[in-house]
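Chains as they are written, first to last, in the numbering used here: chain L, 1 to 205; chain P, 206 to 485. Even glycine gets a Cβ: it sits at the ideal position worked out from N, Cα and C.
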Amino acid sequence: MSKKILNIFKAAIISLIVAFLFVIITCITLSKIGKEKINTAIYLLKVITVNEQNIKGVQPVLEGNVLINYPTYGSKYATIKIDSIGLELPVYYGANYTILKSGVAHDENSFFPGEGGSIILAGHNFSSFLGDLPEAKIGDKIELETNYGNFTYEIYDTKIVKETAVDEVPIQDEKEILMIYTCWPINNIGHASERYVVYANLLEE
Amino acid sequence: MDVFKYIVNIILSFLIMITILFVIAVNILNNNILNKDYIKEKMKETEFNLQISREVQSGFEKYIYQSGLPLETIENLFTQEMIQEDVDSILDFIYEGTEISLSSDTVRNNLDKKIQDYVSSQKINLNKQGKNNIKNFEDLIVKEYNNNVNASKNTYEQAQSTIEKIRNINNFIRFLPIILLSILIIILIFINVTDLLEVINFLGISLLSAGALIKIGISLIFSNIDIDNLVLISTSVSNLLINAVKEILYNISDKGNIFIVCGIVAILVHAIIKNVKTNK
Chain L
1 MSKKILNIFK AAIISLIVAF LFVIITCITL SKIGKEKINT AIYLLKVITV
51 NEQNIKGVQP VLEGNVLINY PTYGSKYATI KIDSIGLELP VYYGANYTIL
101 KSGVAHDENS FFPGEGGSII LAGHNFSSFL GDLPEAKIGD KIELETNYGN
151 FTYEIYDTKI VKETAVDEVP IQDEKEILMI YTCWPINNIG HASERYVVYA
201 NLLEE
Chain P
206 MDVFKYIVNI ILSFLIMITI LFVIAVNILN NNILNKDYIK EKMKETEFNL
256 QISREVQSGF EKYIYQSGLP LETIENLFTQ EMIQEDVDSI LDFIYEGTEI
306 SLSSDTVRNN LDKKIQDYVS SQKINLNKQG KNNIKNFEDL IVKEYNNNVN
356 ASKNTYEQAQ STIEKIRNIN NFIRFLPIIL LSILIIILIF INVTDLLEVI
406 NFLGISLLSA GALIKIGISL IFSNIDIDNL VLISTSVSNL LINAVKEILY
456 NISDKGNIFI VCGIVAILVH AIIKNVKTNK
């Protein structure tokens, strides 16, 4: 009986070895011929793959002019106050349409308060958002209370610019300038093709 | 069995294995990639149209908050039926090369009516600039609708051209793997006409190795590519792609399992019967 089983096993194992060799030969041939193409395909597919990771926000710290641990994109990191017009709104890091629904958006391409460059903030022109911004006058104070320090700015200029005039809100790292803009005109119906911009210098940190 | 016959059987068995893999590839091409109805079914499963509606509506919201118009202005500008017709039109373009026709005019008319109603109800006197701003707003909303429904014109054009090329090639090779497989099996039977048990054995080897290769390939794909997080054009298109790719891969994997089981059974049947015959 055991001899019979041994013979069956022997006959089967030869066929299994042949099948195994087929697999090995095909794998080696494919890896030799199409290795580059396979790697390119895998690379391209990895490029269009997004790994969603839970990034937990770490408390930002300002060391000199350098901000350590930037706020997480989309998180509230500051409050903006303009007492002269009774404005107080949350400021979120990042500027997209979802953030703009919640408060004032901080353009992620601009600097943070305390870093010594252009800080660009934007908000909708409703009365509950930045609708009263044009009432602020030159000399009025703007306070930014961030989760790493408080900053006070003074308005030195206001302008109405075209929506495409990006030169009017330049990114620079020589001087800390706060630029806040909203759509103009305030009581516009339809597409607002202009922006009302407030420029302010850093007074104290 | 003499050595020459054994080598010929092994070569035939190897060719059968390769042909089986081609049969599966052509099968996927015809039943999935080139099959418009399959794509439509997947769209239904992934709620493609609903997702497109959400993307369009979310796109409208970009413009409403700065427009001075109430939020209701951008509500009900389109219906699910309109989205369905537009998506069908894009599918027809990809699979049949017909012109894309979108419901942009209906969206514009609905929007214009709502704006005019609002302007009248609020007794707003529009100057030239105001009328121009409304026209620009309508243009942006219609553009947003077109961009979201027809998410990527270039990609769809490329898809259309690729599908046309594949279809042309497919017309030539569609039945080739099956014919080749049949010929190879007939030759295998012909060579082993005196000992048909060997046919079962070598077919078993082909099936087992084809199944093993499929399983290795699928494992490599799953270990190298994070299919669940593929992103292409928009959420709706990505969901459709992920769903279709996963289903195709699972189907191929199931075929691999069946081939492995059939292959092992065939090899064992050959070994057992051969042993019984030898003992007699």
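Step through the CB atoms of chain P and report whether any lies within less than 8 Å of the CB of G190 (chain L). The residue you call residue 190 (chain L) lines up with position 190 of the first sequence. For G190 (chain L), the nearest beta carbon of chain P is closer than 8 Å to its own beta carbon.
Please state whether the Cβ-Cβ distance between P60 (chain L) and K76 (chain L) is less than 8 Å. Indexing the first sequence from 1 puts residue 60 (chain L) at position 60. Indexing the first sequence from 1 puts residue 76 (chain L) at position 76. Against a cut-off of 8 Å, the Cβ pair of K76 (chain L) and P60 (chain L) comes out as no contact.
Residues of chain P with a CB under 7 Å from the CB of H124 (chain L): which are they? Residue 124 (chain L) sits at position 124 when you count from the first residue of the first sequence. Scanning chain P for C-beta atoms nearer than 7 Å to the C-beta of H124 (chain L) yields Y270 and Q271, reported in chain order.
Within its chain, find whatever has a CB closer than 8 Å to the CB of V197 (chain L); leave out the 5 residues flanking it on each side and keep chain order. Sequence index remark: in the first sequence, residue 197 (chain L) carries index 197 (1-based). Same-chain partners within the cutoff: T158, K159, I160, V161, E168, V169, M179, I180 and Y181.
Consider the Cβ of K267 (chain P): report whether some Cβ of chain L lies at a distance smaller than 8 Å. Sequence index remark: in the second sequence, residue 267 (chain P) carries index 62 (1-based). Yes, K267 (chain P) counts as interfacial toward chain L.
Member of L:I24, L:C27, L:D173 and L:F126 whose CA lies at the smallest distance from the CA of K101 (chain L): Translated into positions along the first sequence, residue 101 (chain L) becomes position 101. The shortest C-alpha to C-alpha distance from K101 (chain L) to any of L:I24, L:C27, L:D173 and L:F126 is the one to L:F126.
Alpha carbon to alpha carbon, how far is F111 (chain L) from Y93 (chain L)? Give it in angstroms, no decimals. Here the question's residue 93 (chain L) lines up with position 93 in the first sequence. Here the question's residue 111 (chain L) lines up with position 111 in the first sequence. Computed Cα separation, rounded: 11 Å.
Tell me whether G461 (chain P) sits in a helix, a strand or coil according to DSSP, three-state version. In the second sequence, the residue the question calls residue 461 (chain P) occupies position 256. G461 (chain P) falls in the helix class under three-state DSSP.
Cutoff 8 Å: V312 (chain P) Cβ touching any chain L Cβ: As a working mapping, residue 312 (chain P) is identified with position 107 in the second sequence. So, not an interface residue.
Indicate whether V347 (chain P) and D291 (chain P) have their beta-carbon atoms separated by less than 8 Å. Residue mapping note: residue 347 (chain P) aligns to position 142 of the second sequence, counting from 1. Residue mapping note: residue 291 (chain P) aligns to position 86 of the second sequence, counting from 1. If you check the CB distance, V347 (chain P) and D291 (chain P) do not come in under 8 Å.
Could you list which residues in chain L have their beta carbon closer than 7 Å to that of G409 (chain P), in chain order? As a working note, residue 409 (chain P) is residue 204 in the second sequence. What G409 (chain P) touches in chain L: S15.
C-beta neighbour in chain L for S414 (chain P), strict 8 Å: Numbered from 1 along the second sequence, position 209 holds the residue referred to as residue 414 (chain P). True, the Cβ-Cβ gap to chain L drops below 8 Å.
Span separating the alpha-carbon of A415 (chain P) from that of V231 (chain P): Within the second sequence, residue 415 (chain P) is the residue found at index 210, counting from 1. Within the second sequence, residue 231 (chain P) is the residue found at index 26, counting from 1. Rounded to the nearest angstrom, the two C-alpha atoms are 15 Å apart.
Check the Cβ-Cβ distances between T164 (chain L) and every residue of chain P, and say whether any is below 8 Å. Sequence index remark: in the first sequence, residue 164 (chain L) carries index 164 (1-based). With 8 Å as the cut-off, T164 (chain L) does not count as an interface residue toward chain P.
Among P:V466, P:A449, P:K482 and P:A476, which one has its Cα closest to the Cα of K247 (chain P)? Residue numbering aside, residue 247 (chain P) sits at position 42 when the second sequence is read from its first letter. Proximity to K247 (chain P) across P:V466, P:A449, P:K482 and P:A476 peaks at P:A449, based on C-alpha coordinates.
Do three or more CB pairs link the stretch 407-423 of chain P to the stretch 220-230 of chain P at distances below 8 Å? A contact between stretches requires three or more CB pairs, one per stretch, nearer than 8 Å, and the stretch 407-423 of chain P meets this requirement with the stretch 220-230 of chain P.
Could you tell me which chain P residues have their CB closer than 7 Å to the CB of I227 (chain L), listed as they occur along the chain? Any answer about residue 227 (chain L) is impossible in this case: the structure gives chain L only from 1 up to 205.
Quick check: the stretch 209-222 of chain P against the stretch 135-151 of chain L, are at least 3 beta-carbon pairs closer than 8 Å? Cβ pair count under 8 Å is below three, so no.
8 Å Cβ cutoff met for Y153 (chain L) and N96 (chain L): Numbered from its first residue, the first sequence carries residue 153 (chain L) at position 153. Numbered from its first residue, the first sequence carries residue 96 (chain L) at position 96. No, the Cβ-Cβ distance between Y153 (chain L) and N96 (chain L) is not below 8 Å.
For P185 (chain L), which three-state DSSP category applies? As a first step, residue 185 (chain L) must be located in the first sequence, where it is residue number 185. Reduced to three states, the DSSP call for P185 (chain L) is coil.
Which residues of chain L have a Cβ atom closer than 7 Å to the Cβ of A476 (chain P), listed in chain order? Numbered from its first residue, the second sequence carries residue 476 (chain P) at position 271. Scanning chain L for C-beta atoms nearer than 7 Å to the C-beta of A476 (chain P) yields I8, A11 and A12, reported in chain order.
So, helix, strand or coil for S75 (chain L), using DSSP? Along the first sequence, read from residue 1 onward, the residue named residue 75 (chain L) stands at position 75. If DSSP states are grouped into helix, strand and coil, S75 (chain L) belongs with coil.
Euclidean distance between Cα positions of D6 (chain L) and L446 (chain P): Taking the first residue of the first sequence as position 1, residue 6 (chain L) is located at position 6. Taking the first residue of the second sequence as position 1, residue 446 (chain P) is located at position 241. It should be noted that the sequence gives Leu, not Asp, for residue 6 (chain L). The alpha-carbon atoms of L6 (chain L) and L446 (chain P) are separated by roughly 50 Å.
I'd like to know whether the C-beta of A364 (chain P) is nearer than 8 Å to at least one C-beta of chain L. Against the second sequence, residue 364 (chain P) aligns to sequence position 159. Answer no: the Cβ-Cβ gap between A364 (chain P) and chain L never drops below 8 Å.
Cα separation between I244 (chain P) and T367 (chain P)? Here residue 244 (chain P) refers to the residue found at position 39 of the second sequence. Here residue 367 (chain P) refers to the residue found at position 162 of the second sequence. Rounded to whole angstroms, I244 (chain P) to T367 (chain P) spans 16 Å at the Cα level.
Establish whether the CB of V169 (chain L) and some CB of chain P are separated by less than 8 Å. Here residue 169 (chain L) corresponds to residue number 169 of the first sequence, with the count starting at 1. With a threshold of 8 Å between beta carbons, V169 (chain L) makes no contact with chain P.
Quick one: grab the DSSP three-state call for A105 (chain L). Along the first sequence, read from residue 1 onward, the residue named residue 105 (chain L) stands at position 105. Here A105 (chain L) sits in strand by DSSP.
Starting from the C-beta of I320 (chain P), find all residues in its chain whose C-beta is less than 7 Å away, skip the five residues before and the five after it, and write them out in chain order. Taking the second sequence and counting its residues from 1, one reaches residue 320 (chain P) at position 115. These residues qualify, in order along the chain: L274, T278 and I339.
Give me the DSSP bridge partner(s) of R372 (chain P). The sequence position of residue 372 (chain P) within the second sequence is 167, counting from 1. Per DSSP, none; premise fails for R372 (chain P).
To which residues of the same chain is S294 (chain P) closer than 6 Å at the C-beta, ignoring the five residues directly before and after it? To locate residue 294 (chain P), count along the second sequence from 1; it is residue 89. Taking C-beta separations shorter than 6 Å and ignoring five residues to either side along the sequence, the partners of S294 (chain P) in its chain run I305 and S306, following chain order.
Just to check my reading of the structure: N65 (chain L) and G116 (chain L) have Cβ atoms closer than 8 Å, yes? What is that Cβ distance to the nearest angstrom? Start at 1 with the first residue of the first sequence, and residue 65 (chain L) comes out as number 65. Start at 1 with the first residue of the first sequence, and residue 116 (chain L) comes out as number 116. Going by Cβ atoms, the distance from N65 (chain L) to G116 (chain L) rounds to 5 Å, so yes, they are a contact pair.
I'd like to know if I463 (chain P) contacts chain L, where contact means its C-beta is closer than 8 Å to some C-beta of that chain. As a first step, residue 463 (chain P) must be located in the second sequence, where it is residue number 258. By this cut-off, I463 (chain P) is not an interface position.
Closer than 7 Å by C-beta to R313 (chain P): which residues in its own chain qualify, once you throw out the five before and the five after it? Chain order, please. Counted from its first residue, the second sequence places residue 313 (chain P) at position 108. Cβ within range, chain order: E343 and V347.
Within this structure, are the beta carbons of L45 (chain L) and I430 (chain P) separated by less than 8 Å? Here the question's residue 45 (chain L) lines up with position 45 in the first sequence. Here the question's residue 430 (chain P) lines up with position 225 in the second sequence. Against a cut-off of 8 Å, the Cβ pair of I430 (chain P) and L45 (chain L) comes out as a contact.
Run through chain P and tell me which residues come within less than 9 Å of A95 (chain L), C-beta to C-beta. Taking the first residue of the first sequence as position 1, residue 95 (chain L) is located at position 95. Here the premise fails: no neighbours, minimum Cβ distance about 12 Å.
Have a look at the DSSP bridge pairing and note the partners of I155 (chain L). Against the first sequence, residue 155 (chain L) aligns to sequence position 155. Answer is L:A200, bridged to I155 (chain L).
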